[in-house]
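Notes follow once the structure below has been shown.
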Amino acid sequence: MTAIIEVNNVSVQYGQNEALKEVSFSIEAGDFIGLAGSNGAGKTTLIKAIFGLVPISSGNITLFNKPHRTFTDWGKIGYLPQKSSSINSLFPATVEEVVLLGLLSQKKWPKQISKEDKAKVEEILADLGISTVKKRMLSELSGGQQQKVLLARALVSHPQILIFDEPSTSLDAKSREAFFALIAKLNEQNGITIILITHDTGYIGKFANKLLYLDKKLVYFGSFNAFCQSEAMRAYFGEHDQHIICHQHD
Amino acid sequence: MHCNINYHCSKKSFNTVTKATEVATTNLCHSEERSDEESQILRIMRFFASLRMTATNMDIIKFLQYSFIQKAFFAGSFVGIICASLGLFLVLRKMSLIGDGLSHVSFGAIALGLFFGVYPFYVAVPLVLAASYLILKITEKARIYGDAAIGIVSAVGIAGGVILASLSRGFNVDLFSYLFGNILAISQLELVISVLLSIIVLALLYFYYWDLFSATFDEEYAKTSGIKTGFINILLALLTALTVVLSVKMVGVMLVSALLILPAVTALQISKGFMTSLLLAVIVSLISVIAGISCSFFLNLPTGATIVMINVLFFIFALIYKKIAY
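Going down the list, the protein sequences come from chains A and B.
So my numbering is basically just the index in the first sequence, starting at one, shifted up by 4.
So my numbering is basically just the index in the second sequence, starting at one, shifted up by 4.
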């Protein structure tokens, strides 16, 4: 298997605070990584470092065999931020306009939208079963539909990696289950590499093949099942906490 | 010598205007050297005086034939379009008051120009551009909120203008005429500058439309798409600065922010998409400018304030429509 993301001894510092400390791992094509850790453990910082949005104080990151500072093919990496941070109820964007934003990473200046781009949006909305809402305002849709629209925006550029930051925060139980099943399908059928940040480790156990656990430094990276059977992790977390992390949703 | 006096043309005001015209015309006519702006004002004064006998029969066709009205429509339309377009981005980014702050800076810059005898426009453009950049940098580097940064720069602009006016004792009338604008007295040079700068602003808006939209909708996501949001923020601030300088002549320092905010918030009440909001804001702004200039002419009202009040009417209609329709 080919490593498509390599993180080598990466540290990130915010002023005096060390947000990430010498983190190393590599992600291979087709992986489904569950990224877990308590609040302030550095999960979002790690994702920002991968996108080059925060300066790295030491170490390096390679994306598709290119140093991330020279990497420009951002269309290969789709991103789904926390829904609450990206949807403003006063913002007048239609579903089509929002999904079109997913194609900007592939365009050179001056960025213009073509008929082919609109056809791509039609196609992805149809794939996700939401083509009927194309002309509706994003803010008028239900939480589940909004999340699908943001997923469509991440998918429209046909990325090889999809990164989700707490995607289920505002979804009810049924929508959450359906959403995670959709992510798993994208991984299994389309071979898209998934990195899923979530507090809900029950879904990591159910869908992900690897767990990456952070506590500013890398605590664990490897198979989810091996984590649950690891004596070292039991010693680190305690039996109760390891059991909670390893509990899988039905 | 610069001479800016607000002229409102209607039957009621002719006597007042004519008296002022006689005095000012006499002064101007005795001037040995007459600038373009003075000549322009003189022509308008003569026009007002000549209207004394014919105003009651004035019809719309005649009104549209006057070159100063044509110039006002032309410059006003361009400025109205860029104000509405930029205003939508500013309102959605919660940066509406940057227009207000920069207009205050333009007041100080105009005072500086008048103080040193330089054409105010030439001083205002670079200074207001610098101020917009400064607001961004203060927000980023000094770790204070944007509204506080706007407040600081705005206060410096007003305070500087007032001090210069106090020191000079010579151009207060000129300076204070900029507080409320006078698009009817726009000179040929100002018209050309307004149109050229407006075209530049519109072209940049067109070429960076999708980057601006993405950064406005979700800045974090825009960054992950490879969009240089820092550059986009600077671009928006600089375009706003240019727009503010152009708008000061039209509605004055006190009312510039209304031109940026009102068409956008009106469009946001009823539109169903970002592009439709943009188009609707532009239409509202254009109608307000044309109707404002016309109404101010026929009803003896100050032009800038009339344009703003028509914008307010549109906003109220939009609110009512929203209540009824949704």
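Ideal placement from N, C-alpha and C gives every residue a C-beta, glycine not left out.
In this text, all values refer to a predicted model and were calculated from it rather than measured experimentally.
If you reduce the DSSP assignment to three classes, tell me which class residue 225/A lands in.
Residue state, collapsed to three classes: strand.
What residues of chain A sit near residue 63/B, judged by a beta carbon separation below 7 angstroms?
Result: empty, since nearest Cβ-Cβ is about 41 angstroms, beyond 7 angstroms.
Interface residues of chain B around residue 83/A at Cβ under 9 angstroms?
By Cβ distance, chain B contributes 224, 225, 228 and 229.
Nearest-angstrom Cα distance between residue 176/A and residue 315/B?
Using only the alpha carbons, I get a separation of about 43 angstroms.
For residue 130/B, does the three-state DSSP call read helix, strand or coil?
Three-state DSSP puts residue 130/B in a helix.
Nearest chain B C-beta to residue 115/A closer than 8 angstroms, yes or no?
Closer than 8 angstroms: yes.
Tell me the residue span of the beta strand (DSSP E) that contains residue 104/B.
No beta strand (DSSP E) holds residue 104/B; the alpha helix (DSSP H) holding it covers 102-119.
Between residue 94/B and residue 264/B, how many whole angstroms is the CB-CB distance? I'm expecting something under 8 angstroms.
Residue 94/B to residue 264/B, Cβ: 6 angstroms. Contact.
What does the alpha-carbon distance come out to for the pair residue 61/A and residue 105/B?
Between residue 61/A and residue 105/B, the C-alpha separation is close to 38 angstroms.
For residue 29/B and chain A, any beta-carbon pair shorter than 8 angstroms?
In this predicted model, residue 29/B has a pLDDT of only 43, less than 50, meaning its place in the structure is not dependable; the value taken from the coordinates is given anyway. It does not; no Cβ of chain A falls within 8 angstroms.
Return no unless some Cβ of chain B is closer than 8 angstroms to the Cβ of residue 55/A.
So yes, residue 55/A belongs to the interface.
Where does residue 13/A sit, in a helix, a strand or coil, going by DSSP?
Reduced to three states, the DSSP call for residue 13/A is strand.
Any chance you could list the alpha helix (DSSP H) runs of at least 4 consecutive residues sitting entirely within the stretch 37-114 of chain A, in chain order?
You should have 47-54, 87-90 and 99-104.
For residue 247/A, count neighbouring Cβ atoms within 10 angstroms of its own Cβ and tell me buried if that reaches 16, exposed if not.
Exposed: under 16 other Cβ atoms inside 10 Å.
Do residue 115/B and residue 4/B have their beta-carbon atoms positioned less than 8 angstroms apart in this structure?
No information on residue 4/B is available, as it lies outside the stretch 5 to 330 that chain B covers here.
Kindly indicate which residue of 53/A, 188/A and 213/A has the alpha-carbon position closest to the one of residue 26/A.
Looking at the Cα atoms, 53/A is the closest of the given residues.
Contact between the stretch 216-224 of chain A and the stretch 177-195 of chain A is defined here as three or more beta-carbon pairs at a separation below 8 angstroms; is this criterion met?
With a cut-off of 8 angstroms, the stretch 177-195 of chain A and the stretch 216-224 of chain A do not count as touching, because too few Cβ pairs lie within range.
Taking the beta carbon of residue 232/B as the centre, do at least 16 other beta carbons fall within 10 Å, making it buried, or is it exposed?
Label assigned to residue 232/B: exposed.
Nearest to residue 335/B by CA position, among 252/B, 213/B and 328/B, is which residue?
Any question about residue 335/B goes unanswered here, given that chain B covers just 5 to 330.
Mapping the DSSP letters down to three states, classify residue 23/A as helix, strand or coil.
It is a strand residue.
Name the chain C residues whose beta carbon is nearer than 9 angstroms to that of residue 101/A?
No chain C appears in the structure shown, which is made up of the protein chains A and B.
Secondary structure at residue 25/B, three-state DSSP: helix, strand or coil?
Here residue 25/B scores only 42 on pLDDT, less than 50, and its place in the model is too uncertain to base an answer on.
Once the 5 residues before and after residue 80/B are set aside, which same chain residues still bring their CB inside 7 angstroms of it?
Taken in chain order, the residues that qualify are 187, 254, 293 and 297.
Going along chain A in order, which residues have a C-beta closer than 7 angstroms to the C-beta of residue 272/B?
Those are 94 and 96, listed as they occur along chain A.
Can you tell me which residues form a DSSP beta bridge with residue 30/A?
Note: residue 30/A sits in a beta bridge opposite 10/A.
Taking a Cβ distance cut-off of 7 angstroms, strictly less, list which residues of the stretch 76-105 of chain B are near chain A, in chain order.
The residues in question are 96.
Using a beta-carbon distance cut-off of less than 7 angstroms, what residues from the stretch 133-162 of chain A approach chain B?
Within the stretch 133-162 of chain A, the residues whose Cβ lies closer than 7 angstroms to some Cβ of chain B are 141, listed in chain order.
Could you run through the stretch 60-79 of chain A and flag, in chain order, every residue whose CB is less than 7 angstroms away from some CB of chain B?
Within the stretch 60-79 of chain A, the residues whose Cβ lies closer than 7 angstroms to some Cβ of chain B are 76 and 78, listed in chain order.
What is the rounded straight-line gap between the Cα of residue 202/A and the Cα of residue 173/A?
C-alpha separation (whole angstroms): 9 angstroms.
For the alpha helix (DSSP H) containing residue 283/B, list its first residue and its last residue.
278-303 is the span of the alpha helix (DSSP H), which, as asked, contains residue 283/B.
With 16 other CB atoms within 10 Å as the buried threshold, where does residue 122/B fall?
Residue 122/B should be labelled exposed.
With contact counted as at least three CB pairs below 8 angstroms, one residue from each stretch, are the stretch 300-310 of chain B and the stretch 122-132 of chain A in contact?
The stretch 300-310 of chain B, when compared against the stretch 122-132 of chain A, does not touch it at the 8 angstroms Cβ threshold.
For residue 103/A versus residue 137/A, is the C-beta spacing smaller than 8 angstroms?
Cβ atoms of residue 103/A and residue 137/A: not closer than 8 angstroms.
On a CA-only basis, which of 325/B, 318/B, 313/B and 245/B is nearest residue 87/B? Give me that one, please.
The residue with the shortest Cα to Cα distance from residue 87/B is 245/B.
Quick one: Cα of residue 133/B to Cα of residue 34/A, how far?
Near 50 angstroms, if we compare the C-alpha coordinates of residue 34/A and residue 133/B.
Please state whether DSSP places residue 231/B in a helix, a strand or coil.
It is coil, neither helix nor strand.
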